[in-house]
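The sequence shown begins at 52 in this note's numbering and counts up by one.
Idealized CB from N, CA, C, for every residue including glycine.
Encoded as structure tokens, the structure appears first; notes follow it.
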Amino acid sequence: MIRKAIRSTRKTSHFHVMVKPIGAICNLDCTYCYYLEKEHLYPEGEQFRMPWKVLKSFVRQYSAAHKHLPEIHFAWQGGEPTLLGLDFFERAVALQRRYQPAGCRVTNSIQTNGLLLDDAWGRFLKEHGFLVGISIDGPPGLHDRYRVDKGGQPTFDRVARGLKILQRHKVEYNVLTCVHRHNGDHPLEVYRFLKSLGARFIQFIPIVGRASPTSEAATPTSVGAEQYGRFLTSVFDEWLCNDVGQVFVQIFDVALGIWALGQASLCVFDETCGHALALEHNGDLFSCDHFVTPEHRLGNLMDVPLVKMVDSPQQQRFGQAKRDALPAYCKTCDIRFACNGGCPKNRFALTPEGEPGLNHLCAGYQHFFHHITPVMEQMTAALRAGKPAASVVPQFRAEKGLL
52 MIRKAIRSTR KTSHFHVMVK PIGAICNLDC TYCYYLEKEH LYPEGEQFRM
102 PWKVLKSFVR QYSAAHKHLP EIHFAWQGGE PTLLGLDFFE RAVALQRRYQ
152 PAGCRVTNSI QTNGLLLDDA WGRFLKEHGF LVGISIDGPP GLHDRYRVDK
202 GGQPTFDRVA RGLKILQRHK VEYNVLTCVH RHNGDHPLEV YRFLKSLGAR
252 FIQFIPIVGR ASPTSEAATP TSVGAEQYGR FLTSVFDEWL CNDVGQVFVQ
302 IFDVALGIWA LGQASLCVFD ETCGHALALE HNGDLFSCDH FVTPEHRLGN
352 LMDVPLVKMV DSPQQQRFGQ AKRDALPAYC KTCDIRFACN GGCPKNRFAL
402 TPEGEPGLNH LCAGYQHFFH HITPVMEQMT AALRAGKPAA SVVPQFRAEK
452 GLL
């Protein structure tokens, strides 16, 4: 999924909503998808299409809440949002123009599996400056392992066709790659393949699912902790040797921001959370798109003002719990400043002392952040000296005998 830089230091000012205008409805049946089951939150026969009155209310309230900022960003996700058709998004853009505050720039992003993209979509996305996140898990054999359609058929060829549509129309896009049990052992194959497709902006999203609500084990499709750490470090070394300034990998950019600025631009690594919420098709607002459950429902924007829900005590407690619930093992960790315990949804493992609340990916994060520390320190020093971060690359290449 596409995530903007979100800080949690002030109320209201920097909250972000991931809009699910078609709920969990999708034309794929990805084995590892955590959102498909959210369809069952609503009664049988539910029409999973955001009504006009809900869309209008959201755009109006969201725009008003961000009128003091230079940019208002709308993020559309699913399910598969393109199933709604172009007309839905044409109306959404028209509403954005109607409620656009003076002096504010409006931007949009949409996450898609790419299967329904055609030239009409390409023209629309380019005309309105949409940033598109398109999901590709690597070359066909790795992508098709889990990303199948409702009939269990492979999808890579259709995704590649959608990517070509975006490229033909010069639409700005990110490639979103889920790292899971199957492709996690093939970091360079995945990375090099994505580059061969023309990808310059890449997000690696670890697949982590809990085997059961009370289990300390992960689902079979989940990436292993050490496996994820090896994946990231292998890609990092390849990127540092060959692609700095040419290819932009989200987690590497986020890491540099942590070292250089002392802050994370991604909620996963921030000290607290609660400023990246999820809006369902009917106007229900949830604390986070990974916590779309009845106990994390904040209300419905047709009944309660959006800002009031964002600033509610319930949401404040949710965001602060990320920091307050850290086990002692994390509080004394030398890389806590970088990971802050990771996403709360993944905190179902036990610490070495047997305390609950450890992130499933802990060992991987430790491996990765320790591995990149020397480079991050050098890049930070370069930036503070007024030099580009890439200026450290020749030294690294020399140390690796690559000059």
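- Only buried fits residue 184, as 16 or more other CB atoms lie within 10 angstroms of its CB.
- In this structure, residue 109 lies away from residue 144, with their beta-carbon atoms at least 8 Å apart.
- As the crow flies, the alpha-carbon of residue 331 is around 9 Å from that of residue 340.
- Cβ-Cβ separation between residue 194 and residue 188: approximately 4 Å, consistent with a contact (criterion under 8 Å).
- Annotation: the stretch 56-120 contains the following complete segments of the beta strand (DSSP E) (minimum length 3 residues), in chain order: 67-70.
- At a Cβ-Cβ threshold of 8 Å, residue 166 and residue 76 do not count as neighbours.
- By the CB criterion at 8 Å, residue 278 and residue 313 fall outside the cutoff.
- Residue 124 is bridged by DSSP to 158.
- Sixteen is the threshold: when 16 or more other Cβ atoms of the shown chains lie within 10 Å of the Cβ of residue 269, as they do, the residue is buried.
- Every unbroken stretch of the alpha helix (DSSP H) spanning 4 or more residues and falling wholly within the stretch 407-453 is given here in chain order: 413-435, 444-450.
- Setting aside the 5 residues that flank it on each side, residue 86 is surrounded in the same chain by 75, each with a C-beta closer than 6 Å to its C-beta; the list follows chain order.
- Residue 251 sits in coil when the DSSP states are folded into three classes, being neither helix nor strand.
- The Cβ neighbour count for residue 98, taken over all protein chains shown within 10 Å, is under 16; the residue is labelled exposed.
- Take residue 66, set aside five residues on each side of it, and the residues of its chain with a beta-carbon closer than 7 Å to its own are 326, 328, 361, in chain order.
- Bridge partners of residue 185 according to DSSP: 163, 226.
- Under DSSP, residue 256 shares a beta bridge with 229.
- Residue 146 is positioned such that its CB atom lies no closer than 8 Å to that of residue 175.
- Going by beta carbons, residue 273 and residue 258 fall inside the 8 Å limit.
- Within the DSSP secondary-structure output, residue 337 pairs in a beta bridge with 329, 348.
- Taken through DSSP and simplified to helix, strand or coil, residue 205 comes out as strand.
- Per the Cβ contact rule, the stretch 374-391 is in contact with the stretch 313-323 (3 or more Cβ pairs under 8 Å).
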